[in-house]
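Colleague:
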Amino acid sequence: MGAGEPDWVPPGVDTRRANVARVYDYLLGGSHNFLADQDVGRAIVAVEPNARAIGRANRAFLGRAVRFLTAAGIRQFLDIGSGIPTEGNVHEVAQKLAPDARVVYADIDPVAIAHSKAILAVNQNATIIDSDLREPEKILADEGTRSLIDFSQPVGLLLVAVLHFVSDAEDPWRIVATLRDALAPGSYLVVCHGTDEGNPAVAHAGEKVYQRAVSAELRMRSRPEILRFFDGFELVDPGLVAIPFWRPGSPAEVPADPTSYWGALAGVARKP
Ligand SMILES: C[S@@+](CC[C@H](N)C(=O)[O-])C[C@H]1O[C@@H](n2cnc3c(N)ncnc32)[C@H](O)[C@@H]1O
């Protein structure tokens, strides 16, 4: 924590440099972000005026997917790149429907970890581990993961708005395959991923904003590249679609202008 910073800022965090978790928090209207994050958020909105709505749609998709998985009998969730807690966190959605549901969150961001620890302190069936998606073996072996997840039973693996922060050189497909191989049949994979399919110019301008100002790469991928994450799984209906079109709760949730949601694709798949 530096001089004049709120006391929730964990030691060692450089609030002058924008960061993925806090930019997303800003776009969602949260309060755990600083000027550098807000500047990037504003630059993203300048490139994609619907960016805030896409962020909210992503959260709503996460909620619908967790409800779908819980209804399908999933009682344990591994949410990697879980973010700074906000409305509709996975344990809240799942435990409302199934109080015995267990959730392991994983993130690399110190603010996300500190806040998650604080809100989970009273919840014996949910925890957060300080872990990097790029080291999937460590996530699988982590004591926190093992304390709540039984890998002989189906798991809901959530990789929502995180894989696009892993570069091609870091081989995100190998990472997902490593996680998949640890999952029992009947497990599910939930992915939402930035895409350049609908509007390449906007997508690549967004990548440049991150390149310039954020301590992480943003890699918008094509539909075939995103579909490869589902190798070894079977997509459930309606397949890989723009976020609001994945099993909308009501007709009112379907946007009048679908092109304004071209920035990301969402899908849920089952391991046979
Ligand atoms: C855009 S937020 C998404 C949060 C949440 N999954 C959602 O969809 O609402 C991305 C999160 O992924 C985390 N993240 C980025 N790279 C990561 C990595 N290599 N390992 C773990 N978490 C990562 C960031 O810290 C951030 O909290």
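Number 243 in our numbering belongs to position 248 of the sequence shown; there are no gaps in the numbering.
We treat Cβ as the ideally placed atom computed from N, Cα and C, and that holds for glycine.
The structure displayed is predicted, hence computed values, not measured ones.
#1: Less than 8 Å between the CB atoms is what I'm expecting for VAL186 and ILE75, so what's the real figure, rounded?
#2: With distances taken from CA atoms, which of SER217, ARG97, VAL98 is nearest VAL236?
#3: Measuring from the CB of LEU213, is there a heavy atom of ligand 1 at a distance below 7 Å?
#4: Does the count of Cβ pairs from the region 243 to 261 and the region 184 to 204 closer than 8 Å reach three?
#5: Are the region 39 to 52 and the region -1 to 6 touching, with three or more C-beta to C-beta distances below 8 Å?
#6: Rank ALA116, PHE146, PHE160, LYS203 by C-alpha distance to the C-alpha of ARG175 and give the top, closest one.
#7: Counting only runs of 4+ residues fully inside the region 107 to 192, write out the alpha helix (DSSP H) ranges in chain order.
#8: Quick check: the region 164 to 183 against the region 128 to 136, are there 3 or more CB pairs under 8 Å?
#9: Could you tell me whether the Cβ of SER147 comes closer than 8 Å to any Cβ of chain B?
#10: Assuming the contact rule is C-beta atoms closer than 8 Å, ILE298 and LEU73 should be a hit. Round their C-beta distance to whole Å, please.
#11: Looking only at C-alpha atoms, which of ALA196, MET215, GLY201, PRO267 sits nearest to GLY227?
#12: Please list the terminal residues of the continuous alpha helix (DSSP H) segment that includes ASP20.
#13: For LEU115, tell me which candidate among GLN148, THR81, ALA93, ASP137 has the shortest Cα-Cα distance.
Modeller: Let me spell this out:
#1: Contact doesn't hold; Cβ gap of about 11 Å is too wide.
#2: SER217
#3: no
#4: yes
#5: no
#6: PHE146
#7: 131 to 136, 138 to 143, 167 to 177
#8: yes
#9: In the displayed structure, chain B is absent; only one protein chain is listed.
#10: For residue 298 there is no data in the structure shown, the boundaries of the chain being -4 and 267.
#11: PRO267
#12: 15 to 22
#13: THR81
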